[in-house]
Amino acid sequence: MSRWPLPEPMRRALEAAAQGGGEGEVPIGAVLVKDGAVLAVTHNRPRALHDPTAHAEMLAIREAAAALGSERLEQCELWVTLEPCAMCAGAIAHARIARVYYAAPDPKGGAVEHGARVFDQPQCLHRPEVYSGMGEAEAAALLRDFFRERR
3 MSRWPLPEPM RRALEAAAQG GGEGEVPIGA VLVKDGAVLA VTHNRPRALH
53 DPTAHAEMLA IREAAAALGS ERLEQCELWV TLEPCAMCAG AIAHARIARV
103 YYAAPDPKGG AVEHGARVFD QPQCLHRPEV YSGMGEAEAA ALLRDFFRER
153 R
């Protein structure tokens, strides 16, 4: 587990991920924050919603945009337990999210520091600051345990 106390948004993202895992969803959680105020706490829900786009990040972006009454989430921070995929990274860029914090890397499906590296592409309209590794052990354990139970 983490050597240092986790920031509150990442702790809440991990709790949301665990909740999603308990509901049979891949345990990924996301929290969207602006000026210290939590706008959304979500977890993956593609199975429950019959929606392949219902990733934790997408749901958090939708909730936060509705709460702010704007499609632009400037000055917001997204805290997520797994490196965002290409779809989510594209939505992050379009929403103009200022900072992304993710716990565990995803060499197979991630698109921030792996794969497509969406924010590094010249066509990317906005490049958030990206920080990784906070809560990595906890997030990886949630995913490992989830998939071990299903094999």
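The numbering used here puts the first residue of the sequence shown at 3, with every later residue one more than the last. Note that beta-carbon positions come from the ideal geometry of N, C-alpha and C, so glycine has one too. Computed from a prediction, not measured in an experiment: that's the story for all the values here.
### Query
Taking Cβ to Cβ, would you say glutamate 17 is nearer than 8 Å to glycine 31?
As a position in the sequence shown, residue 17 is number 15, starting the count at 1. As a position in the sequence shown, residue 31 is number 29, starting the count at 1. Against a cut-off of 8 Å, the Cβ pair of glycine 31 and glutamate 17 comes out as a contact.
### Task
Label phenylalanine 148 either buried or exposed according to how many other C-beta atoms from any shown protein chain fall within 10 Å of its C-beta, with 16 as the threshold for buried.
Counting from 1 along the sequence shown, the entry for residue 148 is found at position 146. With 16 or more Cβ atoms within 10 Å of its Cβ, phenylalanine 148 is classed as buried.
### Task
Please name the residue, chosen from Arg152, Pro54, Cys87, that lies closest to alanine 106 on a Cα-to-Cα basis.
Taking the sequence shown and counting its residues from 1, one reaches residue 106 at position 104. Measuring from the Cα of alanine 106, the nearest candidate turns out to be Cys87.
### Task
Kindly indicate the opening and closing residues of the beta strand (DSSP E) around arginine 101.
The sequence position of residue 101 within the sequence shown is 99, counting from 1. First-last of the beta strand (DSSP E) with arginine 101: 101-106.
#### Entry: Nearest-angstrom Cα separation, counted from aspartate 122 out to glutamine 21
Here residue 21 refers to the residue found at position 19 when the sequence shown is read from its first residue. Here residue 122 refers to the residue found at position 120 when the sequence shown is read from its first residue. So the alpha carbons of these two residues sit roughly 33 Å apart.
### Message
Between the segment 37-53 and the segment 67-86, can you find at least three pairs of beta-carbon atoms closer than 8 Å?
### Response
yes
#### Entry: DSSP state of leucine 8 mapped onto helix, strand, coil
The count along the sequence shown starts at 1 and reaches residue 8 at position 6. The answer is coil: DSSP assigns leucine 8 none of H, G, I, E or B.
### Message
Quick check: tryptophan 81 and valine 120, are their CB atoms within less than 8 Å of each other?
### Response
Here residue 81 corresponds to residue number 79 of the sequence shown, with the count starting at 1. Here residue 120 corresponds to residue number 118 of the sequence shown, with the count starting at 1. Taking 8 Å as the Cβ cut-off, tryptophan 81 and valine 120 do not qualify as a contacting pair.
### Message
Rounding to the nearest angstrom, what Cα-Cα distance links histidine 57 and glycine 23 in this structure?
### Response
Locating residue 57 in the sequence shown gives position 55, counting from the first residue. Locating residue 23 in the sequence shown gives position 21, counting from the first residue. Approximately 13 Å, taken between the alpha carbons.
#### Entry: Limits of the beta strand (DSSP E) - the one that cysteine 78 falls within
The residue given as residue 78 occupies position 76 in the sequence shown. Its beta strand (DSSP E) spans residues 78-84.
### Query
What is the DSSP secondary structure of glutamate 65, reduced to helix, strand or coil?
One-based indexing of the sequence shown puts residue 65 at position 63. DSSP places glutamate 65 in helix when its eight states are reduced to three.
### Query
Quick one: Cα of alanine 15 to Cα of histidine 45, how far?
Residue 15 sits at position 13 when you count from the first residue of the sequence shown. Residue 45 sits at position 43 when you count from the first residue of the sequence shown. Those two C-alpha atoms are separated by around 8 Å.
### Message
With DSSP as the reference, identify every bridge partner of glycine 31, one or two as the case may be.
### Response
Here residue 31 refers to the residue found at position 29 when the sequence shown is read from its first residue. Paired residue(s): His45.
### Query
What are the start and end residues of the beta strand (DSSP E) that includes glutamate 140?
Start at 1 with the first residue of the sequence shown, and residue 140 comes out as number 138. First-last for glutamate 140: 138-152, but that is the alpha helix (DSSP H), not the beta strand (DSSP E).
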